[in-house]
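Protein chains: 2
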Amino acid sequence: MARAAAVLVALGDPTRRQVFERVAGRPHSVGELAEALPVSRPAVSQHLKVLKQAGLVSDMAAGNRRIYRMEPRGLQDLRAYLDHFWNQALAAFKTAVEQPPKEEG
Amino acid sequence: MARAAAVLVALGDPTRRQVFERVAGRPHSVGELAEALPVSRPAVSQHLKVLKQAGLVSDMAAGNRRIYRMEPRGLQDLRAYLDHFWNQALAAFKTAVEQPPKEEG
DNA sequence: ACTTACCGTAAGTGACCACTTACGCACCTG
DNA sequence: CAGGTGCGTAAGTGGTCACTTACGGTAAGT
């Protein structure tokens, strides 16, 4: 999936990963996250935007504040991507075991 | 795990992801990869170094050339990382269903 | 209506990273 | 030993991105 790439990029950044991990543990407002992290509130907003586009979080208005919570979709996409290569690796390994290494090209 | 972060960073780059995907499909030499990709051979070498440090590929000398093949370790680390949050999400969702949303703070 | 709180966006800047060319080293062939 | 091939590393550079400050917009409080 194309989403898997976005998820990889999104979780590649350490700060963004921290944001995601906190949101995954419990829904948070932007201010809460910024207060717990060593970056400014706008930075958190930008990170949340990337995470949202990757399908890793979703947001909803709660009065004055805006609550972000984890969205399984993004994780599922990345899992599917990984499983693809995981199975490929197993198949390749199985083939390598069944057949002795033969010279090629 | 700490390795999961390295895997996320490694697979975050598009070119590096292409390198990994080709190696995952079949063992390749550096020259083969460089020939199939729109970057120079040193670039491929640098990408392979990162992938190797992330536990995604392993290399072995084959005469003059150097063969890279997929290493399941890195994928497994990332899978474990994802599963952690996956289960966390399921637990949170289950709690949210069982209990109506109550005000807090 | 005025003030305060919370948030997203715009613009600008510094640092990191992917890429290139140049070079040195190991292995095979004649 | 000399020539050729395959690879990794060093050094340098351009582009991208994470971060900051400044600003506008919406919702609650008095």
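Residue numbers (my numbering), protein chains in the order written: chain V, 216 to 320; chain D, 216 to 320. Cβ atoms here follow ideal geometry from the backbone N, Cα and C, with glycine treated the same way.
Selected residue, minimal CA-CA separation from residue i, among the options
i         : options                                       : result
Gln233(D) : Asn302(D), Arg218(D), Ala306(D) and Met285(D) : Met285(D)
Phe235(V) : Lys267(V), Phe300(V) and Ala277(V)            : Lys267(V)
Gly221(V) : Leu248(V), Leu293(V), Glu250(V) and Ala258(V) : According to the sequence provided, residue 221(V) is Ala. The question's Gly does not apply to it. Ranking the options by Cα distance to Ala221(V), first place goes to Leu293(V).
Val265(V) : Thr230(V), Gln291(V) and Arg280(V)            : Thr230(V)
Thr263(D) : Ala276(D), Pro253(D) and Leu248(D)            : Sequence check: residue 263(D) is Leu here, not Thr. Ranking Ala276(D), Pro253(D) and Leu248(D) by Cα distance to Leu263(D) puts Leu248(D) first.
Leu271(V) : Gln291(V), Ser255(V), His299(V) and Leu252(V) : Gln291(V)
Phe300(D) : Pro253(V), Glu250(V), Pro287(V) and Arg256(V) : Pro287(V)
Beta-carbon spacing of residue i, residue j below 8 Å
i         : j         : result
Val238(V) : Ser260(V) : no
Gly289(V) : Arg218(V) : yes
Asp274(V) : Arg280(V) : no
Nearest-angstrom beta carbon gap, residue j and residue i [assumed within contact, 8 Å]
i         : j         : result
His243(V) : Tyr283(V) : 6 Å
Ala304(V) : Ala269(V) : Going by Cβ atoms, the distance from Ala304(V) to Ala269(V) rounds to 25 Å, so no, they are not a contact pair.
Leu223(D) : Gly227(V) : 5 Å
Checklist entry - According to a CB-to-CB cut-off of less than 7 Å, which residues of the segment 262 to 294 of chain V neighbour chain D? => result Met285, Pro287, Leu290, Leu293 and Arg294
Checklist entry - Which whole runs of the beta strand (DSSP E) in the segment 242 to 287 of chain V are 3 residues long or more, in chain order? => result 272 to 277 and 280 to 285
Checklist entry - Can you list, in chain order, the residues of the segment 224 to 252 of chain V whose Cβ is nearer than 9 Å to any Cβ on chain D? => result Val224, Ala225, Leu226, Gly227, Asp228, Pro229, Arg232, Phe235, Glu236, Ala239, Gly240, Arg241 and Pro242
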